[in-house]
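Engineer:
Protein chains: 2
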Amino acid sequence: MTETSEAPLRIAIAGLGTVGVGVMHLLATNRDLITARAGRGIEVVAVSARERHKDRGVDISTLAWEDDMTTLAEREDVDVVVELVGGSDGPALALSRAALGRGKGLVTANKAMVAHHGLALAEIAEANTAPLKFEAAVAGGIPVVKGLREGTSANQLTKVYGILNGTCNYILSEMEGTGADFDEVLAEAKRLGYAEADPTFDIEGIDAAHKLAILSAIGFGTRIDFDAVHVSGIVQVRAADIAQADALGFVIRLIAEADVQEEGDDRRLLQRVRPCLVARGHPLASVDGATNAVVAEGNFSGRLLFQGAGAGDGPTASAVVADLIDIARSFDSARDIGAPFSIPVARLSDLAPAEPGNRMERTYLRFTVNDRPGVLAEITAAMRDADVSIESLIQQGRAREGGEVLVAMVTHEGPERCVTEALSLLEGSDSLTGAPLVLPILAN
Amino acid sequence: MTETSEAPLRIAIAGLGTVGVGVMHLLATNRDLITARAGRGIEVVAVSARERHKDRGVDISTLAWEDDMTTLAEREDVDVVVELVGGSDGPALALSRAALGRGKGLVTANKAMVAHHGLALAEIAEANTAPLKFEAAVAGGIPVVKGLREGTSANQLTKVYGILNGTCNYILSEMEGTGADFDEVLAEAKRLGYAEADPTFDIEGIDAAHKLAILSAIGFGTRIDFDAVHVSGIVQVRAADIAQADALGFVIRLIAEADVQEEGDDRRLLQRVRPCLVARGHPLASVDGATNAVVAEGNFSGRLLFQGAGAGDGPTASAVVADLIDIARSFDSARDIGAPFSIPVARLSDLAPAEPGNRMERTYLRFTVNDRPGVLAEITAAMRDADVSIESLIQQGRAREGGEVLVAMVTHEGPERCVTEALSLLEGSDSLTGAPLVLPILAN
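Residue numbers (the numbering used here), protein chains in the order written: chain U, 1 to 444; chain L, 1001 to 1444.
Okay, here's the thing in structure tokens:
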């Protein structure tokens, strides 16, 4: 059933961690159906990794080995290089440039590299009619790069947003489920493998920002602008915030969000990653654990939701091999499979970053304050002076250690800059025992 | 920004109802970005519809007109025919065959035609290297045909299921929200345009079955087998069932579901459309109104969810034009864009239908019975004799008109055929005032 006369697509894999091994495992397990769908076999011919002799549960003894991974790009017997090394620069980037420069295909799961160098790589790909694909770089096994590049291609998107970091989502939903505080859940997540030993990129929102910058470029047809992403992570979120949010009918999720708005004659792009309060009826509120989800709103499609496993060797391998099948279906010397970012790099627009302060939002504000008279009056006066209208306010009755109490409030909808101004009026006040936490409420 | 030296893709539209007009409106509104993404313009050159002179809100005076739509396929100046006429046979099929037979592309929103004749059309397409695409035939604006054909292509799928009919979902969620009975909500749905004047195909589950048969073929790589779909609609669902389900923690949704299971050495396909009880925590339970959603479970990807507007001129036009952009990107005389069903027709497998009776399920059963002693004993004895184990049972206290009461129960998990047997034991019993309603409980 699966014989085919066409020559197989020959691939080289750089990096044999869990994802690299997962790709080999997938190619072996689903070999027949992949051959049927790709129209030809997909064969691993060469590999490179840090250590050659290590038990990975897959046999690499029959494959060519390169100590220097960049050499994979020079091999005559390789059509496509699969880059699973990671790191925005260094060897991964050198390998990717070399492969595309020689007209070979490149499939990568490297979100940091694509966020920082995606346009430069796409230019090389376009100049050499080489396919460059990175479905696995965003939201693991969810085909959302394809979804935006091809599924919603007829639409002017107004907004793309979602939950793009499984580690943060696991931590927040565990905090919600157990009532435990951040540090405790993070430690548990590390033990269970849901967080890396150094989770900085995840919990500070950088990883989600990499992915958002990639989705923005594809969704809005604009140049990647990772540096313009406003990023705040989840480290400041306390168990008490989650309890307050719950009492108000919300859950807390790290939301990556990009939209395009007209400002005068300009179209401007706003990209942000930050914890938000999400109303319990919203589709993203029920996204728990390491699951990812992306919402895209198009001017004809309306709101579309893509949801699934955001990480893990199986889902990531699924995305890598889907890219390989796409390439196998259409790639030979005479063909290409379109622009990596949907529009050729030279024609991507260059949207200037929008000013977030003009946006209208409802906001959750949490202060930790000294338990003494007059503090509430001081805070509410600052709100009044900055034109922030308070919808509800809760002062936690029970004092915490050291006489510290929590004051949480939700504002009516108003310009963000008013909240910023109110906070600046309170800056330096010795009533506050720490920096206030500001969480926007995700609009429906 | 959007100039391109490539010749435009020239299309003909057959059928100028709301979707046809929606496609023209979309092509005009989003012209620049479509040109940028497609790499060339997409231009309507000819149209055909029942009435030439009718105000549709779009100007067709500059376009060629054909009274006989089949002639569109013969025009030298047409690259792709867009079929929006509907009907599984007749003019739509004749036009589609003619277009593909001449090597022209075909884009269609016609689920009935694809469910019945998709393989025959795909054979013509493959023989003539002509693209055949039908994203708009399933789940409106949700790119789920692409999602299964390309997004999950690396996976052996175990299951594809979802909510594929917006009319039924609107009716069920309205019944849930208002407590009103079926007939009342259907009448309201017709008034609001959520149900057609003749809603038979929708409310009896045929429309969902058409879509399921298409998704099965793509997802499992098997020949379309519409006749093998077990179908039951929502006409029997009463307000009382929705209230009972609610009390038990469930909502009722019309679920289309296909899976492949091993039976001995065989792989067999089971396709069913039926109202199910869906636990409130399940992602499909929160799919309300005319929204559609599809879940695909792959052996590496895990569970993926695609959700969005299942109908309407905007979303459907979005899907049609996405197909056109795909074709414009890759279609010329020397290229093709792969097999319409992901695998060439000759290599699709031919999975025999599975026997549903062997499936293990929990089931909701509702009886309408005469309000007299001994009825409950009769029903529970039949359950016992057929080896059906009862998890919970509710007899509605208040008698309805004519002394009729409702008895509702949920069974423990067991083979479906035991429930069927229990019902056959009760057949002809004069305790029952009507046919019992059997609703499976959707597994998690």
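Here a beta-carbon is modelled for each residue, glycine too, at the ideal position from N, C-alpha and C.
Closest by CA to R372/U, which one among D387/U, G249/U, V419/U, L406/U?
Structural biologist: L406/U
Engineer: How would you label L437/U, buried or exposed, when you count the other beta carbons within 10 angstroms and need 16 or more for buried?
Structural biologist: buried
Engineer: Helix, strand or coil: how does DSSP classify L432/U here?
Structural biologist: Under the three-state reduction of DSSP output, L432/U falls in the strand class.
Engineer: For A214/U and V114/U, which I take to be in contact (beta-carbon distance under 8 Å), what is that distance rounded to the nearest angstrom?
Structural biologist: Reading the sequence as shown, one finds Ile at residue 214/U and not Ala. Correct: roughly 5 Å between the Cβ atoms.
Engineer: Report the CB separation of V1082/L from V1237/L in whole angstroms; it is logged as a contact under 8 Å.
Structural biologist: The Cβ separation is near 37 Å, so there is no contact.
Engineer: From which residue to which residue does the alpha helix (DSSP H) around P91/U run?
Structural biologist: Membership of P91/U in the alpha helix (DSSP H) is indicated by the continuous run 90-101.
Engineer: At a cut-off of 8 Å, is V85/U close to the ligand MN when judged by its beta-carbon and the heavy atoms of the ligand?
Structural biologist: In the structure on display, the ligand MN does not appear, and there are no ligands present to speak of.
Engineer: Using only alpha-carbon positions, find the residue among M175/U, G414/U, A346/U, D323/U that is nearest to L9/U.
Structural biologist: Of the candidates M175/U, G414/U, A346/U, D323/U, the residue whose Cα lies closest to the Cα of L9/U is D323/U.
Engineer: Return no unless some Cβ of chain U is closer than 9 Å to the Cβ of E1066/L.
Structural biologist: no
Engineer: Specify the secondary structure class of S1392/L as computed by DSSP and reduced to three states.
Structural biologist: strand
Engineer: Can the beta-carbon of A137/U be found closer than 9 Å to that of V85/U?
Structural biologist: no
Engineer: With distance defined between alpha-carbon atoms, name the residue in M1383/L, E1051/L, E1391/L nearest to R1417/L.
Structural biologist: M1383/L
Engineer: Just list the residues that DSSP pairs P1353/L with in beta bridges.
Structural biologist: L1269/L
Engineer: Ignore the nearest five residues each way along the sequence and tell me which others in T108/U's own chain have a CB closer than 6 Å to its CB.
Structural biologist: E83, F134
Engineer: Could you check whether the Cβ of L304/U sits closer than 9 Å to any Cβ belonging to chain L?
Structural biologist: L304/U belongs to the set of residues whose beta carbon lies under 9 Å from a beta carbon in chain L.
Engineer: Just checking my contact of M1175/L with A1239/L at CB under 8 Å: how many whole Å lie between their CB atoms?
Structural biologist: 6 Å
Engineer: Closer than 9 Å, CB to CB, is Q261/U near chain L or not?
Structural biologist: no
Engineer: Residues of chain U with CB under 9 Å from L1033/L, in chain order?
Structural biologist: S153, A154, N155, Q156, G221, I343
Engineer: Less than 7 Å between C-beta atoms, sequence neighbours within five positions excluded: which residues of the same chain meet that for L1027/L?
Structural biologist: Once the five neighbours on either side are set aside, the close Cβ partners of L1027/L are I1034, I1042, V1044, V1321.
Engineer: Please classify K146/U: is it buried, with 16 or more other beta-carbons within 10 angstroms of its beta-carbon, or exposed?
Structural biologist: buried
Engineer: Which residues in chain U sit within 9 Å of I1013/L, going by Cβ to Cβ distance?
Structural biologist: Result: empty, since nearest Cβ-Cβ is about 15 Å, beyond 9 Å.
Engineer: Roughly how far, in whole angstroms, is the beta-carbon of P131/U from the beta-carbon of I327/U, given that I think they are within contact range, below 8 Å?
Structural biologist: Correct: roughly 5 Å between the Cβ atoms.
Engineer: Residues of chain U with CB closer than 9 Å to the CB of L1026/L, please, in chain order.
Structural biologist: A154, N155, N299, F300
Engineer: Leaving out the 5 sequence neighbours to the left and right, which residues in its chain are closer than 7 Å to A1099/L when beta-carbon positions are compared?
Structural biologist: If we look at A1099/L and ignore the five residues flanking it on each side, its Cβ neighbours are A1073, V1081, L1106.
Engineer: Report yes if the C-beta distance between A1197/L and R1268/L is below 9 Å; otherwise report no.
Structural biologist: Cβ atoms of A1197/L and R1268/L: not closer than 9 Å.
Engineer: For P275/U versus T363/U, is the C-beta spacing smaller than 9 Å?
Structural biologist: no
Engineer: Which residue's Cα is closest to the Cα of V251/U: F300/U, T316/U, G177/U?
Structural biologist: G177/U
Engineer: Of all the CB atoms in chain U, is at least one closer than 9 Å to the CB of P1143/L?
Structural biologist: yes
Engineer: Tell me the start and end of each unbroken beta strand (DSSP E) in the stretch 18-73 of chain U that is at least 3 residues and wholly inside, in chain order.
Structural biologist: 42-48
Engineer: For D1207/L, count the other beta carbons within 10 Å of its own beta carbon; 16 or more makes it buried, fewer makes it exposed. Which is it?
Structural biologist: buried
Engineer: A290/U to W65/U, Cα distance in whole Å?
Structural biologist: 34 Å
Engineer: Among A1309/L, T1167/L, A1296/L, which residue has its Cα nearest to the Cα of A296/U?
Structural biologist: Checking every option, the nearest Cα to that of A296/U belongs to A1309/L.
Engineer: How big is the Cα-Cα spacing for R280/U and G1090/L?
Structural biologist: Each residue's alpha carbon lies about 48 Å from the other.
Engineer: Using a Cβ cut-off of 8 Å, pull out every chain L residue sitting near A322/U, in sequence order please.
Structural biologist: E1150, G1151, T1152, S1153, A1154
Engineer: Identify the residues that DSSP records as bridge partners of V1410/L: which are they?
Structural biologist: Y1364/L, S1392/L
Engineer: Could you name the residues of the same chain whose beta carbon sits closer than 8 Å to that of L1063/L, not counting the 5 residues immediately before and after it, in chain order?
Structural biologist: A distance below 8 Å between beta-carbons, with the five flanking residues on each side excluded, links L1063/L to the following residues of its chain, in chain order: V1044, V1045, A1046, V1047.
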